Amino acid sequence: MQSGFTILLRGKMKLVEIIKKEALILIAFVALTLIVFILYHPGANGPYMLDDYVNIKNNTSLKMEEFNISSLLDAAFSMRSGILYRPVAMLSFTLNYYFTGNIDGYPIKLINIFIHILTAWGVFLLTLLLLRRMEKTGSGVDQHGGEQRWTGPVALFIAALWLLHPLHVSTVLYTVQRMTELSAMYSFYAAIAYVKGRNDLLKGEQGGLWWVLGAVGIGSILSTLSKENGALLPLLLLVIEGIFYRFKFHPDIHKSSKRWIYGAIIFPSVGLLIYLIGLVIAMPEGLYSRDFTLIQRLITESRVIFFYLRLIFLPDIRAMGLNHDDFGISTGLLSPPATILSLTGIAILLAVALYGVRKNRFPVLSFSILWFLAGHLLESTVVQLELVYEHRNYLPAYGPLFAAGYYINHYLFSANRILRGIKYVVPLLILILLAIPLKERIGHWSMPSKFFFNELKNHPKSARNFVELANGHVLAQQYPRAFAAYQTAARLNPNETGLLLAGLEILVHKMNKAPQKEIIDMIESSLRNNKITSYTVEKLITFAGDSLHRDEENNPVADRTMVERFLVAAIANRYPWPNDSKLGETYFMLAELRFRQSRLEDAAAALEKTVSLIPMKYDARIGLLRIYLTLNKITEAEEQIKQLEDAALDPSRQMVIAGLRQDLTNLKTVEIHRR
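Remember, this note's numbering sits 28 above the position in the sequence shown when you count from 1.
#1: For residue 632, I'd like the list of residues in its chain whose CB is within less than 8 Å of its CB, leaving aside the five on either flank, ordered along the chain.
#2: Short of 7 Å in beta carbon distance, which residues of its chain neighbour residue 638, apart from the five on each side in sequence? Order them along the chain.
#3: Counting only C-beta atoms, is residue 79 closer than 8 Å to chain D at any point?
#4: Thinking just about the alpha-carbon of each residue, which of 514, 456, 672 and 661 is nearest to the one in residue 60?
#5: First and last residue of the alpha helix (DSSP H) that includes residue 239?
#6: For residue 74, name the three-state secondary structure that DSSP assigns.
#7: Can you tell me which of the three DSSP states residue 651 falls into?
#8: Take residue 238 and list the residues in its own chain whose beta-carbon comes closer than 8 Å to its own, dropping the five residues that flank it on each side.
#9: Please return the same chain residues whose Cβ sits closer than 8 Å to the Cβ of residue 36, not counting the five positions on each side in sequence.
#10: Please identify the residue among 282, 504 and 493 whose C-alpha is closest to the C-alpha of residue 520.
#11: Please list, in chain order, all residues of the same chain as residue 694 whose beta carbon is under 7 Å from its beta carbon, the five residues on each side excluded.
#12: Pop quiz: residue 353 and residue 204 are said to be a contact at Cβ under 8 Å. What is the actual Cβ separation, rounded to whole angstroms?
#13: Would you kindly report the start and end of the unbroken alpha helix (DSSP H) that includes residue 328?
#14: Cβ of residue 180 within 8 Å of Cβ of residue 50?
#15: In terms of residue numbering, what span does the alpha helix (DSSP H) encompassing residue 91 cover?
#16: Below 8 Å, can you find three or more Cβ-Cβ pairs linking the region 286-303 to the region 384-393?
#17: Are there 16 or more other CB atoms within 10 angstroms of the CB of residue 220, so buried, or fewer, so exposed?
#18: Have a look at the DSSP bridge pairing and note the partners of residue 363.
#19: The alpha helix (DSSP H) spanning residue 125 covers which residue range?
#20: For residue 409, does the three-state DSSP call read helix, strand or coil?
#21: Taking residue 483 as the reference, give the member of 505, 346 and 357 with the closest Cα.
#22: Run through DSSP, which three-state label would residue 289 get?
#23: Are the beta-carbon atoms of residue 535 and residue 543 separated by less than 8 Å?
#24: Count the other C-beta atoms from every protein chain shown that fall within 10 angstroms of the C-beta of residue 109, then say buried if there are 16 or more, exposed otherwise.
#25: Got a sec, what are the start and stop residues for the alpha helix (DSSP H) residue 539 sits in?
#26: Which whole-angstrom value describes the C-beta separation of residue 419 and residue 208, a residue pair presumed to lie in contact below a C-beta threshold of 8 Å?
#27: Just the C-alpha distance for residue 121 and residue 474, rounded to the nearest angstrom, thanks.
#28: Using the Cβ count rule (16 or more neighbours within 10 Å means buried), how would you classify residue 602?
#29: Start and end of the alpha helix (DSSP H) containing residue 8?
#30: Under the assumption that residue 650 contacts residue 685 (Cβ atoms under 8 Å), give the Cβ distance between them as a whole number of angstroms.
#31: Quick check: what's the CA-CA separation for residue 202 versus residue 147?
#32: Look at the Cβ atom of residue 358, then the Cβ atom of residue 327, and state whether they are nearer than 8 Å.
#33: Between which two residues does the alpha helix (DSSP H) holding residue 10 run?
#34: Taking DSSP as the reference, what is the three-state secondary structure of residue 642?
#35: Report buried or exposed for residue 590, applying the criterion of at least 16 other Cβ atoms within 10 angstroms of its Cβ.
#36: Given residue 111, which residues of its chain have a CB within under 8 Å of its CB, disregarding the five upstream and five downstream residues?
Here's what the structure looks like:
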């Protein structure tokens, strides 16, 4: 009796000890998140940049004045990039504006910081669950040098590595990348729900099926509607399943439940692979609208993957930056030689991971490799994106950091020669070594002057950095410096005609100087022979529009003949355009130019091209109708009237069309009298 009581007492004491230890871990993580908030807070004062302007600052739909369904829907679908428009992320931005009443970046970046911290809690909980799952399967070691319940400290360390990593600064403080943050946050919490459900199913609890299906269904919807790479969630859950659960179930679980789980994670993953294969089939070399071919992108991304791994394991902030357009393109397996080495390295990593899964060995290594590669499957393969962006690692970096944190602690706790105090001091020192560059990098992002200076210092061959420098000079009305910055950018990226046009815009419309013939010829040749990018179209339309608004007679530099040369050269470009809409807008601008020169037939021809490319471009149809009426083309005018009457137009356009309809009636009457 006494011995039984003693055993019970010891059990209770052990339980109390475990609870105290886990409470200390939670307190430590709360303290860590407070420290991270303090570190990140100065960065909330940083500048808007790149896509922030078009998607957030200048997006009038986000600044809703009335809180109603219509305004919320307008804001949610106000971003026209991506397949699904990312409504969850855009909705969060408009709510941010509505409740803060502020259009500067501070309140938005502040919420980004909170989302980063909230996501870190998801990282911590998921890590804790996965480590404890490893303990139960015997893959991990419960006793490490006499230490009990080591999973808590290790989960804390791994989550801290992710939370403090300076690579994530360009996600958290790049305002628009809240999309990436939200997508990752929903993915981590969905993974937690999945693991919870699978643990229940292993215990024979049928209700675990709903946790699994909810994780896949709700998690995928929220994550994907924040950013498209949320579609990777089923594949990431398949990685967890294949390594930590190996499709094992309690004997009492129904076979139908197993089939539901197989279908929930396998079918979407296979569908994603089919989608990527379909992109390859639909994108022959000539249709690829970048400065590189599909093959060049794929082999270059092999080097990019190892560049990312270098930044994860050796976080040198001098190699980091918002823009990595200075990353060289691989033009062949040996150009540069690192290409073949990188491709071989990825093949070896993948082979090692798959071997580990098949043989049920080294699960941590297999998980880290497969999670990382799966996380890059969309943005680092065949989708037509730019080559390098650090924010693409926000979710995938969890894999390598999971392995790093696990193996560091595994060695420390398993080595009997290492003193107990050192076992805790070493992880703490590692976190301090991460926090120092994190603080420094946040400081760079806290002020525009610091940010641009540091970006140029770290990436002096980045054309985009010089574009940002030029934009800063324009805001300060230092136009000669802005022109010089654009010239430097154009030298660094000679294939991007938009840089030449941006410089010309400064020279002609800000400095009121006539361009040299060599510059005009260079731009015309570039528009005709280099690929037309979205940036080129933007700058071409801007330059043409500004030229049309100037008085040519009183301003000798407003040369509309030059503008027409540019528009015609761009339209004659031998490469496919980014899309029909951009080509149609260029025809529309050409039509406006020719109309002002009283070249009505030529203007009509350009407008006909516009409406064939953009059928919903009603202003083009109205312009075409006016020209047809002027040229007495009754049949053609009637066709445009019919097209416009079938459209849902605003009241102002309806009034214009009513007047033009009356003009058409009068024209018909005159023609009848003539006969």
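Think of the CB as a built atom: it goes at the ideal place given N, C-alpha and C, for glycine as much as any other residue. Because the structure is a prediction, the values reported are computed rather than measured.
Taking the geometry as given:
#1: Excluding sequence neighbours, residue 632 sits near 619, 652, 655, 656 and 659.
#2: 612, 615, 616, 619, 645 and 648
#3: Here there is only one protein chain, and chain D is not present.
#4: Residue nearest to residue 60 within the set 514, 456, 672 and 661 is 456 (criterion: CA-CA distance).
#5: 236-252
#6: coil
#7: helix
#8: 225, listed in sequence order.
#9: Confidence is the limiting factor: at residue 36 the pLDDT is only 46, short of 50, which leaves the residue's position unreliable, though a coordinate-based value still follows. There are no such residues.
#10: 493
#11: Around residue 694: no qualifying Cβ.
#12: Under the criterion of beta carbons closer than 8 Å, residue 353 and residue 204 do not qualify as touching, at roughly 17 Å.
#13: 322-341
#14: yes
#15: Segment: none, residue 91 is in no alpha helix (DSSP H) and carries neither H nor E.
#16: no
#17: buried
#18: 360
#19: 115-128
#20: coil
#21: 346
#22: helix
#23: yes
#24: exposed
#25: Segment: none, residue 539 is in no alpha helix (DSSP H) and carries neither H nor E.
#26: 5 Å
#27: Distance between the alpha carbons of residue 121 and residue 474 is about 20 Å.
#28: Result: exposed.
#29: Residue 8 lies beyond the stretch modelled for the chain, which goes from 29 to 703, so this question has no answer here.
#30: 7 Å
#31: 16 Å
#32: yes
#33: Because the chain in this structure spans residues 29 to 703, residue 10 falls outside the shown range and cannot be described.
#34: coil
#35: Buried, because 16 or more other Cβ atoms sit within 10 Å of the Cβ of residue 590.
#36: 256
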